[in-house]
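Under mature numbering (1 follows the signal peptide of the UniProt record, and there is no 0), read the sequence shown as residues -19 to -1, 1 to 1014, first letter to last. Cβ atoms here follow ideal geometry from the backbone N, Cα and C, with glycine treated the same way. Note that this is a predicted model, so its numbers are computed, not measured.
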Amino acid sequence: MYDKPAIITFVLLLAGTEGFPSENNRKLSEANCGYQSCTPVKEGYTNIHIVAHTHDDVGWLKTVDQYYYGSNSNTQKAGVQYILQTVMDSLKRNADRKFIYVETAFFWKWWIKQSDSMKQEVINYVNNGQLEFISGGWSMNDEAATHYHSIIDQMTWGLRRLNDTFGSCGRPKIGWQIDPFGHSKEMANIFAQLGFDGYLVGRIDYQDKEYRWKTKTPEVVWRGSKSLGESSDIFTGVLYKEYGPPSGFCFDILCNDLPFIDDPDSFEYNVDDRVDEFLKYVNDSTQIYTTSNYIMTMGGDFNYQDAEAWFVNLDKLIYYVNKRQESGSKFNLIYSTPSCYVKAVNNETQDKNWVLKDDDFFPYGSDKHSYWTGYFTSRPAVKRFERLGNNFLQVCKQLSALANVGESTSLDNLREVMGVLQHHDAVSGTEKQHVAKDYARQLQRAIDGCENITNTALNKLFNNETSKSESGYTNTVPLKTCPLANISQCVTTENADIFVVTLYNPLSRSVDKLVKLPVKGEGYNVTDKQGNTYVNELLPIPDFVKNIPGRNSSANYDLYFVAKNVPALGWKSFIISLDNSSSLKPVHSTKSASFLTVDDSTASFVINDDTGLVEKMSLNNISVALNQNFYYYKGFVADNGDSEKRSSGAYVFRPDGNINKTNDTAELNLFEGSLVSEARQNFNEYISQTVRVNKIENYIEFDWVIGPIPASGPNGIEVVTRYSTKLATDSVFYTDSNGKEMLKRVRDYRPTWQLNNSEPAAGNYYPITAKIAIRDEVQGIELAVLNDRAQGGGSLNDGEIEIMIHRNCLHDDGFGVGEALNETAFDKGLVIRGSHFLTVGNLNDQNGNSISAIAKDIAQRKLLDTWTFVTPLEGNADEYKSKYIMEYSGLRSALPKNVQILTLEPWKDSTFLFRLEHLFDYDEDSLLSQPALVNLTELFTGFDIVSLEETTLGANQWLKDSDRLKFRTNSTLEQLLYEDYNTNIEYANVVKNTWIETPKIKQKSTLKDNLDGLEITLNPSDIRTFIIGIRRF
């Protein structure tokens, strides 16, 4: 299509750019960073790697800005700008000193305010290895409430900033998750795919820790993905003291420990005592590790605000402990970093077989009554808002790329705020109330900014003027969104007699969408560009929705219609006009039907006439006896003096006694329509629900409204829903890992250590980011519940799924947040609205019809839902139709069902960041688990790909240059493929052989010199990342 030599020249220029591209590449030739800069270890000694670090929460007790500037010091004495400034001053004083930094959000905030001379100093420290970035994400993300899509994005953006600024010397090599409250298998996989050599964690369950200490297995190789196998392996170590210094050796200005006083003439002289105390500690603590290297964290929360207080004493500690070698001591202290530590361990253990870990580190218990499983659900409104933020971020990035909008500060702002939201005290819900409000404020402001981009992009595309780089276009369409649609409120749809609805679909395949809009008229017409009329219907908005505090709407009805085939990476527009003469009138309640379905739907449910509760459901030709009801736990209340007195709080779920049923019956209203049928249930003054089926979906929706939860005390109330069946599940259930791989769970059991569970409910709760499922292996049935935000739950009884929805905790749990979790809005207890999507399928169905395929389809459409834009019309509909493109796809053909474009966004120098993902694990579906081929030659409608180079997952290193450290293990891939997953071995062998025979799994080629007929191979669970150059036409 284009002149081939020009294409190849562009590719070669791109391929030859170190670190893609960095303003500091010219300085890298003088660099001595990375493993080259590590202080040599001493053979025959136990080498103590002193790691000077600070842990800087991107919001927790104070807001992000308060932490950076040091304000609100009555709450916490913490100012990040002082940390970074004084650390740089201290590094200048002694070239042996090293320091690591983690939270790129804070570093970047500091960096952009620095002078050129200071920037050059920092570059020098990075290039000589004194300053090393670890992990490198925008924040240290949570691992329970985060989705892999958002984790990848926040890691990528932090790594992008570091790479742009420091080149390869700024590229992290180690994952550093020292404070999150449990660790996920998918996080290990992500770190492996980022090209990291190791992963160090701080918190694991106290019983797991005791076992590892006894068996000397604090360090293992962790397999992050059963499908990716060895390529997802990563060396993982548990730090001895989480991330703090030895007791008595905190030299920070926030601490009160004795400094080294080394003047022999001083009456305060204490060097000998201090060294003796330290040597006793290291002699004890090093016993559980199996190499001659030991990592010692010297820092803590917001430490090093006066960095010299630390470094002066660390200099003395290192000097005086090493001086003891003259009298026979075998301990050698060095300034080091986590990467230098991992490298030293690797050098020493080339012939060692490490234990291979294949499960995860959830749930986390810090003592027998403190299971940190409450935060899986805490602050459900924040959790839902974060999920919406990711949805819109993908829309904004895609439209920026498709419409040639280019890079934008507004897009960067949304990237960065979403990175902040992934922090382990943000989406986790473990922050103070004023901080939660600040997160919401930041996110709303960033969304508002990115709406300017989507408006510009859509207008360019509406007018077919994407070749213009400027924002001007022939005609302008005012596009608005409906941010309060969750409470059936939208100014435009309520007040306009005629308006346009534009549905943008961020998925890589077309979708059918049941559109729901709040309106106040009693009759409407829905048409498309061709004048086709769409069946629609009106259902009255439930009173329990109308009464949600803060709702300010005149809408009385929800308008429903089905938008068929909304194009992939594209949109479809509809004209909606008020027509009071329409023969389609609102659906009214009926008392006669207890069996609810809609025409042509495979979904139905039965309501018991006496109780008003669901008692049976049918989906996908399977009928299951089902009882669904709401329950609550009362939170335990005590003074947190010890384990027995631990209160339920923002982190900890600890019920006071058994579960309580909300009500045996529900007040009931039934509505039966041609598109939607629903049962509306009122359980009590703070719990209501709509159970809904619709014409196009193979799930049953449970749309609940919870709150205000009574706060009269003394105990808080923690609300759960239970889906109870007669399925024989034998204590087994399944939960997702950050929305990716499903993990087998067994009640009251841990795969790698003996559990003694003193909290039967909390100790069996797991994070549910996207899905929880139970299976009856005899009947061959799986029942799954998918959610719209991160939650916690489990299967506390056979045949049952329990999910916590909302909680108020009237006492703090004593783990630092310092206030009760009792959320309010509009001077009342917080009301939340959300949905569960229940589906069921046959375990033996394959060929694209498996229950895994059904559930993944639902999960994808809920994660990346169509985004609704509305436009009030002042002229007539025909004029709009004649001026604007009303249907468009960014793809020339939709991708296969098992593949999605995970990322499409403007990157740098007129390139795009582009990721393709295989959605299935190797054993989930006989058809969709096969390797997939994607032809990139003519993939997009608005441009061609003219260059392509593959990178690691974080897009900060060419894949061909990635060479991770190798750690041998004592187990093989085959054993893990079949172990504990109920895998059909014969079937798995077929899939696995197909997979391994695919050349790309052995070495993923950059493919840069075969652009004609270009096909990308994706094996099960693959995510492949590329920098692409494009040419528009």
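Of the residues the options, which one's Cα is nearest the Cα of residue i?
{"i": "W89", "options": "N719, V61 and E781", "result": "V61"}
{"i": "C150", "options": "V686, Y106, K261 and N456", "result": "Y106"}
{"i": "N476", "options": "N456, S491 and P499", "result": "P499"}
{"i": "P853", "options": "W157, T437, M168 and F555", "result": "F555"}
{"i": "N109", "options": "K725, Q47, V482 and Y16", "result": "Y16"}
{"i": "H164", "options": "D178, V182, F177 and Q174", "result": "V182"}
{"i": "A125", "options": "W194, E763, K364 and S535", "result": "K364"}
{"i": "R770", "options": "N372, G797 and T514", "result": "N372"}
{"i": "D623", "options": "L791, V543 and F796", "result": "F796"}
{"i": "Q158", "options": "G179, D145, L140 and G148", "result": "G179"}
{"i": "N122", "options": "G410, D859 and F312", "result": "G410"}
{"i": "N334", "options": "S604, V202, K878 and R842", "result": "V202"}
{"i": "K154", "options": "N546, P319 and V103", "result": "P319"}
According to DSSP, what are the bridge partners of residue i?
{"i": "R1012", "result": "D925"}
{"i": "H817", "result": "F683 and N768"}
{"i": "A913", "result": "L999"}
{"i": "S870", "result": "G551"}
{"i": "Q158", "result": "V182"}
{"i": "I668", "result": "N665 and I687"}
{"i": "Y715", "result": "K725 and A754"}
{"i": "N486", "result": "G551"}
{"i": "F611", "result": "T702"}
Measuring only the C-alpha atoms, how far is residue i from residue j?
{"i": "D944", "j": "I529", "result": "55 Å"}
{"i": "E367", "j": "V595", "result": "31 Å"}
{"i": "F(-10)", "j": "T1006", "result": "Annotation note: pLDDT 32 at F(-10) (below 50); position unreliable, coordinate value reported separately. Going from the Cα of F(-10) to the Cα of T1006 covers about 19 Å."}
{"i": "V376", "j": "L439", "result": "11 Å"}
{"i": "V650", "j": "Y352", "result": "The question names Val, but residue 650 in the sequence shown is Asn. When rounded, the distance between both Cα atoms is 40 Å."}
{"i": "K43", "j": "G225", "result": "21 Å"}
{"i": "T127", "j": "K222", "result": "25 Å"}
{"i": "V252", "j": "N264", "result": "18 Å"}
{"i": "S585", "j": "D684", "result": "15 Å"}
{"i": "T390", "j": "G430", "result": "9 Å"}
{"i": "D214", "j": "V336", "result": "11 Å"}
{"i": "N803", "j": "N789", "result": "5 Å"}
{"i": "I687", "j": "T671", "result": "12 Å"}
{"i": "S874", "j": "P344", "result": "43 Å"}
{"i": "I982", "j": "G210", "result": "Summary for I982: the model assigns pLDDT 30, below 50, so the residue's position carries little reliability; its value from the coordinates is reported in the next sentence. For I982 and G210, the distance between alpha carbons rounds to 10 Å."}
{"i": "F893", "j": "P487", "result": "16 Å"}
{"i": "F147", "j": "R141", "result": "10 Å"}
{"i": "D591", "j": "L607", "result": "16 Å"}
If you count every other CB in all the chains shown that lies within 10 Å of the CB of residue i, and 16 or more means buried, which is it?
{"i": "G1010", "result": "buried"}
{"i": "V972", "result": "With a pLDDT of only 44 at V972, under the threshold of 50, the placement of this residue in the model should not be trusted; the figure read from the coordinates follows. With 16 or more other Cβ atoms within 10 Å, it is buried."}
{"i": "G171", "result": "The question names Gly, yet the displayed sequence has Ile at residue 171. Label assigned to I171: buried."}
{"i": "A86", "result": "buried"}
{"i": "I782", "result": "buried"}
{"i": "H569", "result": "exposed"}
{"i": "I93", "result": "exposed"}
{"i": "N561", "result": "exposed"}
{"i": "residue 1074", "result": "As displayed, the chain neither begins before -19 nor continues past 1014, which places residue 1074 out of reach and without an answer."}
{"i": "Q609", "result": "buried"}
How about residue i and residue j: do their beta carbons lie closer than 7 Å?
{"i": "G780", "j": "K837", "result": "no"}
{"i": "F525", "j": "E682", "result": "no"}
{"i": "T354", "j": "G697", "result": "no"}
{"i": "Y485", "j": "W848", "result": "yes"}
{"i": "S575", "j": "I557", "result": "no"}
{"i": "G935", "j": "M136", "result": "yes"}
{"i": "T716", "j": "Y747", "result": "yes"}
{"i": "S628", "j": "D406", "result": "no"}
{"i": "D233", "j": "H36", "result": "no"}
{"i": "H792", "j": "V618", "result": "yes"}
{"i": "N284", "j": "F241", "result": "no"}
{"i": "Y129", "j": "N719", "result": "yes"}
Is the beta carbon of residue i within less than 6 Å of some heavy atom of the ligand GTP?
{"i": "S1002", "result": "In the structure on display, the ligand GTP does not appear, and there are no ligands present to speak of."}
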